[in-house]
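Asks: Quick note: the sequence shown uses this note's numbering, first residue 51, plus one each step. All C-beta atoms in this analysis are idealised placements derived from N, C-alpha and C, irrespective of residue type, glycine included.
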Amino acid sequence: MTKHLPIDPDVLALFCTQHQIRRLSLFGSVLTGTVRPDSDIDLLVEFEPGKEPGLLGMAQLESELTSLLGQRRVDLRTAQDLSRYFRDEVLRTAEVQYAQ
51 MTKHLPIDPD VLALFCTQHQ IRRLSLFGSV LTGTVRPDSD IDLLVEFEPG
101 KEPGLLGMAQ LESELTSLLG QRRVDLRTAQ DLSRYFRDEV LRTAEVQYAQ
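1. Any idea if Leu-62 is buried or exposed, counting beta-carbon neighbours within 10 angstroms, 16 or more meaning buried?
2. Closest by CA to Pro-56, which one among Cys-66, Gly-104, Arg-73 and Thr-116?
3. Have a look at Ala-149 and Gly-83 and give me their C-alpha separation to the nearest angstrom.
4. Whose CA, out of Ile-71, Glu-112, Gly-78 and Asp-58, lies closest to the CA of Pro-132?
5. Quick check on DSSP: helix, strand or coil for Ser-117?
6. Write down the C-beta distance between Asp-90 and Arg-127 rounded to the nearest angstrom, noting that I regard them as a contact closer than 8 Å.
7. Short of 8 Å in beta carbon distance, which residues of its chain neighbour Asp-125, apart from the five on each side in sequence? Order them along the chain.
8. Just the C-alpha distance for Tyr-135 and Asp-60, rounded to the nearest angstrom, thanks.
9. Evaluate Val-80 with the Cβ neighbour count: other Cβ atoms within 10 Å of its Cβ, from every protein chain shown; 16 or more gives buried, anything less gives exposed.
10. Is it true that the CB of Gln-147 sits closer than 8 Å to the CB of Leu-74?
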C-alpha cells in the first residue's frame, strides 16, 4: 500500500524545487506501520548534484518540513547518512513522494 505525506503535492513540489531536491522518499516507521506517538517522519532526500546543504542547512530543511507537515518531527537523511547495515533495504523500500 502506498503511503503519502500529509501535504498538498503542489506545496511539496514547490518546497523541493526551491531547495534543489531531486527526490524525496518516505521510509521508516510511518511507512511500515510501526509508528508510535513519539515517532518522527523519516525522509530520504537526494539533492541536485553539488547542491547538498551542510549540517545547518539540513537542520533548517528539517525544521521547514516539520512545519509544513504540522504533526511530527522530520528526520531528513541522504543515502550516505544511512547506516551501511540497513541502507540497501531503505533504498529498496522507500516510497517516493516527490521526483523531479
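Replies: So, from the data block:
1. buried
2. Thr-116
3. 23 Å
4. Position check: residue 132 holds Leu in this sequence, whereas Pro was assumed. Considering only alpha carbons, the answer is Gly-78.
5. helix
6. The Cβ separation is near 11 Å, so there is no contact.
7. Gly-78, Asp-90, Ile-91, Asp-92, Leu-93 and Glu-112
8. 34 Å
9. buried
10. yes
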